[in-house]
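Number of protein chains: 2
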Amino acid sequence: MAEPLFFMIKISATDNKARCGEIKTAHGTFQTPTFMPVGTGGAVKALTSSDLEECGVQIILGNTYHLYLRPGAEIIKKMGGLAKFTSWNKPTLTDSGGFQIFSLKEISQVTADGVEFQSHHDGSKHFFSPEKAIQVQHEIGADIIMQLDECVPYPVNENKAAIAADRTYQWGRRCLEEHNRLKASPKTDTALFGIVQGSVYPKLRRQSAEQTVSLCFDGNAIGGLSVGESKREMEEMLALTIELLPKDKPRYLMGVGYPEDILMAVSYGIDMFDCVLPTRNARTGSVFTATGPLVYRNAEYAADERPLDESCSCKVCQRYSRGYLRHLYNQSEITAMVLASYHSTYFYQQFVRNIGESIEASRFADFKKAFLEKYNSDRES
Amino acid sequence: MAEPLFFMIKISATDNKARCGEIKTAHGTFQTPTFMPVGTGGAVKALTSSDLEECGVQIILGNTYHLYLRPGAEIIKKMGGLAKFTSWNKPTLTDSGGFQIFSLKEISQVTADGVEFQSHHDGSKHFFSPEKAIQVQHEIGADIIMQLDECVPYPVNENKAAIAADRTYQWGRRCLEEHNRLKASPKTDTALFGIVQGSVYPKLRRQSAEQTVSLCFDGNAIGGLSVGESKREMEEMLALTIELLPKDKPRYLMGVGYPEDILMAVSYGIDMFDCVLPTRNARTGSVFTATGPLVYRNAEYAADERPLDESCSCKVCQRYSRGYLRHLYNQSEITAMVLASYHSTYFYQQFVRNIGESIEASRFADFKKAFLEKYNSDRES
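Note that the protein sequences, when read in sequence, are chains A and B. All residue numbers for the first sequence refer to this note's numbering, where the first residue is 1 and numbers rise by one. All residue numbers for the second sequence refer to this note's numbering, where the first residue is 1001 and numbers rise by one.
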């Protein structure tokens, strides 16, 4: 396998298993642990690229499924790639499209050779082989791309989970081959991550981890968690999987999650996270705060002059009241979604920055304890 | 009538009939001619108060009908009035609610004593007498409030227009009386504007103007235009009405409009404008530019790297391409509405600022000609 020209992770400190550092990409460097807001179709919903910069975001995730359908990979390539097209100009990552495709159960069909699916826009039929998923992602041009994997729902029986995990491995080999072919000419710094599957079955997780690692991807991701299993199951699977992943490569827990999940995962050594939670919840009336989730749409806040989060220094909390936000939400004003999404995005970035600093200072355990005490305080009182 | 404590217009320059200057209110001074973005329910759709400041907005219009129903005038009063509630903290104006109520034809009923209407939210019944319209606006607490008037549709026969104009006059008297009672204790600087009606009938317009002026409001508005009549009819009605309005008070053309209408109206001496056009059109795929309206949702812009308006210095035009905006619109991304609304709001503010500067420099006619030539150039070519 060709060595990456440029892509690398540099761990600057560890605190027990937790670690912090930075990852270097062709579009710049981002600090880890990192949280990637989800910019589904080329924008994090309700936010602008300037908003994301102000919030301290360092890397954004784009969904290949959405971008492939609209505007189409060839348009993005023509416009200079995802970062330039979205005027973000900083690191980006694309998923392989698998997760979205498999969630369209009734309009997708999977075979050993790939997955056939219908556009949710117009019903047109498309087929993603492992090679095609890589070709499309190379056209979109993110700094980090993901192998095509088969995501199984939860719960699933062990046999089905085993078939999916094996298929993920076979697809991983093919993705890697296609990736190496494409990145050789012209030479690019695109990094390809493999994905460990195996549902909640320890044996499958171990096997999938070993197979994935054997392929020597630029980074390794843990998929198929936070899909309905219990928090205990999630932690068990994460704990046994991560032990098998190399320390000199980025480790990415896909689709996670809540602040408490992130703290747990960082304590095992995860570097990268992504999740729609902060912005999706913001759009439906709830934000994350230092004292726990705040359902700002509730009538009790109608005349509340306090900011969403009294300890937050974001520009929304510096200026707007819960009463105003609650009213805007109640009026279905777009501005409510903008302001709430901004705050929660800022909150998550501040959160992972604080985690990194606590690891750097060898006080991650104290930080975690103090954060959770405050975060759960409202619910306990 | 009690003299306003504070509210006043100061004309700094005239150029033929066009004039520029400033209007002083309790929440600060704004330059004229001014264009007020419409913040229907306490927010200009898709924009934040910071966005509006960045765009150079100096005064915002709120709709009494919407604010009265949600969050309710008492909540806004409790939160310190409209400017504080919305964290805008600069001048505001509220309409009387009449225009919205009359547009709910099937669920409103008008009598000499006022208008009964049903909430579009829950069907609950409400009644606005002239006094009630003033009471509600005093609670909302804008710097400039409007009398209750009867807006007639276009076309309307002369008899119906005459009845509505007369009712507007009778209601104006009652509004003024209630306003003077309310502003005496506690003393407030709220300004009340009267409204001239009369549809497209010169005789009615003249009579309504004379009656309105006789009541000595703090400012005078021309209502019932830009409701479907031809541009020629609008100009004729405006020209004959404005001649009867005092020069030492603000003159406000309600609900107008397109850049070419604003230029025409300024040439007759109008000081204030409001309209939903820039933000409503932005949300439906079209923005205003120096070379005319640009339907950025069109497929022809899919791979267009140019900004929305090549001569614009707003932060949207400095950063984002038509291709990206077109894609976001096509994906129904909220971010498209945010970016397009920002640009068109900036465009309108820059436009009225340039108008003011040209009047100050006694070259308004040249400015108007040059603007229209460029604005219409795309359509002529």
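Cβ atoms here follow ideal geometry from the backbone N, Cα and C, with glycine treated the same way.
Cβ-based burial, residue i [other Cβ within 10 Å; buried from 16]
i: Ile134 (chain A); result: buried
i: Ser1286 (chain B); result: buried
i: His1327 (chain B); result: buried
i: Cys20 (chain A); result: buried
i: Asn180 (chain A); result: exposed
i: Asn63 (chain A); result: buried
i: Pro1153 (chain B); result: exposed
i: Gly123 (chain A); result: exposed
i: Asp1248 (chain B); result: exposed
i: Asn220 (chain A); result: buried
i: Ile9 (chain A); result: buried
Same chain, Cβ closer than 7 Å to residue i, five either side skipped, listed in chain order
i: Trp1171 (chain B); result: Pro1130, Gln1147, Leu1148 and Asp1149
i: Ala1162 (chain B); result: Leu1204
i: Ile107 (chain A); result: Phe117 and Gln118
i: Pro91 (chain A); result: Thr25, His27, Gly28, Phe30, Gln58, Ile59 and Asp143
i: Lys17 (chain A); result: Ser267, Tyr268 and Gly269
i: Arg206 (chain A); result: Leu240 and Leu244
Which listed residue (the options) has its alpha carbon closest to that of residue i
i: Lys315 (chain A); options: B:Phe1007, B:Ser1049 and B:Thr1014; result: B:Ser1049
i: His343 (chain A); options: A:Gly21, A:Val57, A:Asn376 and A:Cys20; result: A:Val57
i: Thr1335 (chain B); options: A:Ala46, A:Thr29 and A:Val196; result: A:Ala46
i: Cys1317 (chain B); options: B:Phe1288, B:Glu1333, B:Asn1330 and B:Glu1300; result: B:Phe1288
i: Val1156 (chain B); options: B:Asp1095, B:Gly1224 and B:Leu1245; result: B:Gly1224
i: Ser226 (chain A); options: A:Val276, A:Leu245 and A:Phe371; result: A:Val276
i: Ile1195 (chain B); options: B:Phe1128, B:Gly1255, B:Arg1306 and B:Lys1010; result: B:Gly1255
i: Leu244 (chain A); options: A:Gln211, A:Glu310, A:Glu229 and A:Ala265; result: A:Gln211
i: Gly1097 (chain B); options: B:Lys1132, B:Lys1084 and B:Ala1083; result: B:Lys1132
i: Leu1052 (chain B); options: B:Leu1215, B:Thr1345 and B:Arg1070; result: B:Thr1345
i: Ile145 (chain A); options: A:Met79, A:Phe367, A:Phe193 and A:Glu305; result: A:Phe193
i: Arg382 (chain A); options: A:Met8, A:Ile9 and A:Ala13; result: Because residue 382 (chain A) is not part of the residues shown, which for chain A are 1 to 381, the question remains open.
Neighbourhood of residue i by C-beta distance below 6 Å, restricted to the same chain and skipping five residues each side
i: Leu1061 (chain B); result: Met1036, Val1038, Leu1093 and Asp1274
i: Ala1165 (chain B); result: Gln1197, Gly1198, Leu1204 and Ser1208
i: Glu1233 (chain B); result: Val1200
i: Gly42 (chain A); result: Thr86
Beta-carbon gap between residue i and residue j smaller than 7 Å
i: Thr241 (chain A); j: Ile262 (chain A); result: no
i: Gly257 (chain A); j: Gln31 (chain A); result: no
i: Cys151 (chain A); j: Phe99 (chain A); result: yes
i: Ile1075 (chain B); j: Ala303 (chain A); result: yes
i: Thr1040 (chain B); j: Met1272 (chain B); result: no
i: Val136 (chain A); j: Ala83 (chain A); result: no
Contact with chain B by residue i, beta-carbon distance below 7 Å
i: Met36 (chain A); result: no
i: Ser124 (chain A); result: no
i: Ile107 (chain A); result: no
i: Thr14 (chain A); result: no
i: Phe117 (chain A); result: no
i: Ile75 (chain A); result: yes
i: Pro307 (chain A); result: no
i: Ser381 (chain A); result: For Ser381 (chain A), the predicted model reports a pLDDT of 44, less than 50, meaning its position is unreliable and no value from the coordinates is stated.
i: Thr48 (chain A); result: yes
i: Met234 (chain A); result: no
i: Arg319 (chain A); result: yes
Beta-carbon contacts of residue i that lie in its chain and below 8 Å, excluding the five residues immediately before and after
i: Phe6 (chain A); result: Lys24, Thr25, Ala26 and Asp189
i: Asp378 (chain A); result: Thr291 and Gly292
i: Gln1109 (chain B); result: Val1115, Glu1116 and Phe1117
i: Tyr375 (chain A); result: Pro259, Glu260, Ala290, Thr291 and Gly292
i: Leu1104 (chain B); result: Phe1117, Gln1118 and His1120
i: Tyr296 (chain A); result: Gly285, Ser286, Val287, Leu308, Arg322, Leu325, Arg326, Tyr329 and Ala340
i: Ala1239 (chain B); result: Tyr1268
Min CB distance residue i to chain A below 7 Å
i: Asn1089 (chain B); result: no
i: Phe1347 (chain B); result: no
i: His1327 (chain B); result: yes
i: Ile1334 (chain B); result: yes
i: Ala1165 (chain B); result: no
i: Lys1045 (chain B); result: yes
i: Met1337 (chain B); result: yes
i: Gln1331 (chain B); result: yes
i: Pro1004 (chain B); result: Residue placement at Pro1004 (chain B) is flagged as unreliable, the pLDDT there being 49, under the threshold of 50; the coordinate-derived value follows with that caveat. No, because no Cβ of chain A sits closer than 7 Å to the Cβ of Pro1004 (chain B).
i: Gly1041 (chain B); result: yes
i: Pro1071 (chain B); result: yes
i: Lys1369 (chain B); result: no
i: Arg1174 (chain B); result: no
i: Lys1084 (chain B); result: no
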